[in-house]
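These notes concern the structure reproduced below.
Number of protein chains: 2
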Amino acid sequence: MSKVITGATMSLDGYIAGPGESGFEHLFAWYESGDVTFESTHPEIPFTLSETNAAFLHELTDSTGACVVGRHLFDITDGWGGIHPMNVPIVVVTHRVPEQWIAEHPGAPFTFVTEGVKAAVDTAKQLAGEQNVAVNGGTMARQALQAGLIDELWVSIAPVLLGDGTPLIGHFDGAPVVLEDPVVTAGERATHLRYRLR
Amino acid sequence: MSKVITGATMSLDGYIAGPGESGFEHLFAWYESGDVTFESTHPEIPFTLSETNAAFLHELTDSTGACVVGRHLFDITDGWGGIHPMNVPIVVVTHRVPEQWIAEHPGAPFTFVTEGVKAAVDTAKQLAGEQNVAVNGGTMARQALQAGLIDELWVSIAPVLLGDGTPLIGHFDGAPVVLEDPVVTAGERATHLRYRLR
């Protein structure tokens, strides 16, 4: 059955971005951790992974049928130029639909939802079919967790302390949330932990 | 050679205590994760661990020759009644020496240092001999990290989201700090990660 997963690569001290959107070269060093080329919709972005990391990333991408992202990430990536690296439909939670961007990217598999994260997850589930829905970390993850929508947390811990920045989840209503013991994959420049919510 | 280690049990979202000193039943569930009794100086505190967790805790305690803690932890534990669970000398970083407590606990292996964390670590190294110095998480870890005193980080990640509380390190000068890939021990109710600083 389709599951709703959230997750991110975070620093050991719990940040998915350092201060002022910094630290990505440390957080995503595992994307350049070896010799295994990973097919991406964006060939200009190098993905050359270790075997362990490539197997993990394949498991993530092969099982994902749609993503839910927030407007902030959509804006800073300019909607990935119209095609997400995971090559799946994207549901963007937003207050205002970006009509001009849509006109400039005809056919891009992007859906804009203005009724909040639950409506976005419902839309993404329909798009994903039997596959999983991936909810982006940060604000989207927090809102989905608070709404009781999350089944699993997939966290890749990068070996770096950033000291400050954007937390994985941040303060949320309904804490504490107890998880099952994780499935552990010891990769290079990332330790991948997959938790089910208890 | 003697190493200076800091670490703690923290939630997946990076807190060593929840709001208002809460969440310890989740953070330290791994202390009651099985049938292996762990010898402690405080027999009233149950330590019944899984085999994996017991082996990890033995590796930690057997290699530790002295601990550095802050005054806050000393106060909330009342100095562990004069004997730390790890049964090693304790160096307390403080602004004022608690003369009355010392008088009430004659012979307790506690040293009070008022010249800051570097002096405390130096004192602890002398007490530890060939064994390691363990610096407590939180404020002490942050100050020691900023002073360049830390060799390794040992972090046990408990499968819980606390949402808020006391961070493992918190904001520090000199970020980012890049670490080597960790030694991973997949325990029950805790994933143990041991990092060397790069």
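Top to bottom, those sequences are chains A and B.
Take 910 as the starting number for the first sequence in our numbering and just add one per residue.
Take 910 as the starting number for the second sequence in our numbering and just add one per residue.
Glycine residues also receive a C-beta, built at the ideal position from the N, C-alpha and C atoms.
Given the structure is predicted, the values throughout are model-derived calculations rather than measurements.
- For HIS1080(A), the closest Cβ of chain B is nearer than 8 angstroms.
- Contact between GLY1025(A) and VAL1002(A) is confirmed by a C-beta separation of about 7 angstroms, below the 8 angstroms threshold.
- Straight-line spacing of the CA atoms in PHE1081(A) and GLU960(B) works out to 34 angstroms.
- For the options ALA1067(A), LEU1058(A), GLY1083(A), the alpha carbon positioned closest to that of LEU921(A) is the one of ALA1067(A).
- Boundaries of the alpha helix (DSSP H) harbouring GLU1013(A): 1008 to 1013, taken from the DSSP string.
- Residue state for ARG980(B) is assigned as helix, using DSSP reduced to three classes.
- For ARG1098(B), at least one C-beta of chain A is nearer than 8 angstroms to its own C-beta.
- No Cβ of chain A is located within less than 8 angstroms of the beta carbon of ALA917(B).
- At least one C-beta of chain A is nearer than 8 angstroms to the C-beta of HIS935(B).
- DSSP places MET1049(A) within a helical segment (H, G or I) once states are collapsed to three.
- Excluding sequence positions up to five before and after THR946(B), its CB lies within less than 6 angstroms of the CB of THR957, all in the same chain and listed in chain order.
- Rounded to whole angstroms, GLY1083(B) and GLU1008(A) show a C-alpha spacing of 43 angstroms.
- For a cut-off of 8 angstroms, the C-beta gap from ILE999(B) to CYS976(B) is around 5 angstroms, short enough to register as a contact.
- Per DSSP, the continuous alpha helix (DSSP H) segment holding HIS967(B) begins and ends at 960 to 972.
- Counting of Cβ neighbours within 10 angstroms places VAL1006(B) among the exposed residues, the total staying below 16.
- Relative to the Cα of LYS912(B), the nearest Cα in the group GLY1057(B), ILE925(B), ILE954(B), MET919(B) belongs to GLY1057(B).
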